[in-house]
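Worksheet: one structure, shown below.
Protein chains in written order, with our numbering: chain V, 1 to 412; chain X, 1001 to 1412.
Written as structure tokens, this is what we have:
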């Protein structure tokens, strides 16, 4: 029996096979994501992994359905596994925003799903850190969100040598497009053409821009000019005050493919350009209004950072720690008459918060010790009985080989 | 736009509406589950939330399909959202067990899905702690697993006054059934009838037992007799050594409905009997062989503990903490010329691991202070400038009202 194509099994390390993923590395990434989000005052939320299909078609049009993991359920509902978190967030915020002070700063760690039929071997799910700020139009919110993005990557040991955040502005591009007579109905195709500039040949790009009546050369000049808009300058100034300016640069080549962005947009890349984007996001000031059917109108912005590219990058830079059992104490039971007392002692150690392992059944002394070493336990402990019948605990630090005996048995 | 029926939205506390769930309480439960599992040396794993439908029908027969959230995907595969974790675990273990020392002690925190068409208002998903021990036939493994179950519930503040684990034996029931001439093809219906004893009238039960040729009175006598088998006695002795005997009792009324249990089985209940089972599990020594098509034959046992009943119980006993923003420091910015310096200071505090909040845009001094109080921040801090232009940080502890000024700005 095999797992479904495009899905991952997560095993404890050391990994048994190159084809499986590390549950420890996943948890390491989740812990850092949560830790930094909390430092920034972001609160965790979550929604269902399944949503009505309409939640996605409303925002992105029917063309999105080809990429969705969607189906009809037993109640004849058209539903989809979530391909992204923002529509769920917009739905949840629209339902209860009155109960929360603005700006709302929330994060989530959803598993997201896409079903692209043609691509063999490609993952159909990944996890994402999603962080959003809702209810603040000022670019101070954009800066705060970018600070979180930068500090999240820094928390993994990545530096300004490793990654850069390319800042751009959907507003600037919109103005560019309008000033050159672009038609509103062509705007989405225009943004898509800019988004794909780096991945397509100049001929392909030239054709696409000409189809929407825009000069390819002017597009290139605009990107090369790269003059920051007032909003982008404000963001850079704010990040400069934080000491984070080295992590960003203005780069109009970034525009974000999705239709709903409205202001500052950005993507984080490794500096060597070896990987796909590490994270991406921006402002989507109209989306909550759209999702709520006009009931709630709140400005918003956010980013998503996936676990797959991040993990590849951390591996390649040697920034993933070695994961082991995290066992602190291995209790050796060499005298089976002391097993009940050893179980009581193990209970005492675990009650005190220690991670403790031991041989469930009688085993040779050297085999037990070998197991303690394999598990990278910090200590072994063994109960011993004095001739008078009193118990003591003989501790051994496996790193320093230091030994100490404690009577009655207790922590070393 | 509404979420799908039977699914939950998880919001940060304080909750905006009785109809939504607490993301904070969920994380509190997950953290405790992980903490205690690690103390016991269990390692985390996870599999896909979607599996081939066959993985479940293989184990439970086609009748299970009525309860599954199953569908046909775009690649014409019959698949299902996972209704339980054990088949995934068996699949994963069968694939790579050679790389892991036995016994394998693993846990997972999966979200599980059921689609029962008829039940309105009932949840279609929940989260579960799943803990399993694989590769050990000795009842020492059953005891270790029960120890984990007990200590997990204790970690939430629940005591022997609050819950009890009812221990039973599928072996004992199998022997009972065989000795009275029960036919193998009736065994499943017999187990089901025992499982439902507490929820059905004596008349219904009597009918069911007579249909499989077993006397209802003998069943009742067997339950009342309640003599522990040798394996159950060994488990009780082991737990007694750990000081955990008060948390268990022999109770043959428990049998577990699922077909695949083979040895010791158990269920945890609140002592007042107000809730459904808090957790349940047992041995399933034949399942890995079945799932692996005979390739791998390993004894195994495990339990599942859902988040919904546990949460209800903790709420009712007043054992859930108050959750808040966990903000440590609120930085007051009263002089806008000090905003850049304040941003630099906030960055410094966050780099040091503090959770820090502040007003993104200029706000009145009393409004900022009120927000700090609402967030239950431990401290406020405000940068000030001496006439000579040097900066200092004025800290105020919001609980003790203690104030201190530190120059140059640093931690209090």
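Cβ coordinates follow ideal geometry from the N, Cα and C atoms, glycine included.
Only a predicted model underlies this, so the values are computations on that prediction, with no experimental measurement involved.
For the set V:112, V:95, V:5, V:283, the Cα lying nearest the Cα of residue 1075 of chain X is the one of V:5. DSSP, reduced to helix, strand and coil, places residue 1283 of chain X within a strand of the structure shown. Annotation: the continuous beta strand (DSSP E) that includes residue 130 of chain V extends over 125-134. From the listed residues V:51, V:375, V:384, the smallest Cα separation to residue 1105 of chain X is found for V:375. 1325, 1326, 1327: these are the residues of the stretch 1305-1330 of chain X whose beta carbon lies less than 8 Å from some beta carbon of chain V, given in chain order. Residue 21 of chain V and residue 1107 of chain X have their alpha carbons spaced roughly 16 Å apart. Proximity of chain V to residue 1055 of chain X at the Cβ level (cut-off 7 Å) is accounted for by 1, in chain order. Nearest to residue 1307 of chain X by C-alpha distance, out of X:1285, X:1286, X:1278, is X:1278. Secondary structure in the stretch 323-372 of chain V: the alpha helix (DSSP H) runs of 4 residues or longer, each lying completely within the stretch, are 339-351 in chain order.
Residue pairing by DSSP puts residue 1380 of chain X in a beta bridge opposite X:1330, X:1396.
Spanning the alpha carbons of residue 1223 of chain X and residue 1253 of chain X requires a straight line of approximately 6 Å. When X:1140, X:1026, X:1003 are compared, the shortest CA-CA separation from residue 1301 of chain X is found for X:1140. For residue 1171 of chain X, the enclosing alpha helix (DSSP H) covers residues 1170-1179.
Per the Cβ contact rule, the stretch 10-29 of chain V is not in contact with the stretch 55-74 of chain V (fewer than 3 Cβ pairs under 8 Å). Taking 7 Å as the threshold, the shortest C-beta distance from residue 1303 of chain X to chain V does not fall below it. Residue range 1403-1406 is occupied by the beta strand (DSSP E) that includes residue 1404 of chain X. Residue 1396 of chain X counts as buried, since no fewer than 16 other beta carbons sit within 10 angstroms of its beta carbon. In the structure shown, the three-state DSSP call for residue 1147 of chain X is helix. Sequence-distant Cβ neighbours of residue 1297 of chain X in its own chain, meaning closer than 6 Å and more than five residues away, are 1289.
For residue 1380 of chain X, there are no C-beta contacts with chain V under 7 Å, since the nearest C-beta of that chain is about 14 Å from it. In this structure, residue 1327 of chain X lies near residue 1377 of chain X, with their beta-carbon atoms less than 7 Å apart.
With fewer than 16 other beta carbons inside 10 angstroms of its own, residue 1099 of chain X counts as exposed.
An exposed status is given to residue 319 of chain V, since fewer than 16 other beta-carbon atoms sit within 10 Å of its beta-carbon. For residue 166 of chain V, no Cβ of chain X is located within less than 7 Å of the residue's own Cβ. Residue 35 of chain V has no beta-bridge partner at all, per DSSP. Contact between residue 45 of chain V and residue 1323 of chain X fails: their C-beta atoms lie close to 13 Å from each other, not under 8 Å. Where residue 1208 of chain X is concerned, the enclosing alpha helix (DSSP H) starts and stops at 1202-1211. DSSP, read as helix, strand or coil, puts residue 1158 of chain X in coil. For the C-beta of residue 1357 of chain X, the chain V residues within less than 9 Å are, from N- to C-terminus, 40, 41, 105. CA-CA distance, residue 1314 of chain X to residue 1280 of chain X, rounds to 18 Å.
Annotated three-state conformation of residue 16 of chain V is coil, per DSSP.
At a cut-off of 7 Å between beta carbons, residue 46 of chain V contacts chain X. Under the Cβ distance rule, residue 11 of chain V counts among the residues neighbouring chain X, one pair being separated by less than 7 Å. C-alpha of residue 1195 of chain X to C-alpha of residue 1209 of chain X: approximately 12 Å in a straight line.
Pairing residue 1350 of chain X with residue 40 of chain V, the inter-Cα distance amounts to about 7 Å.
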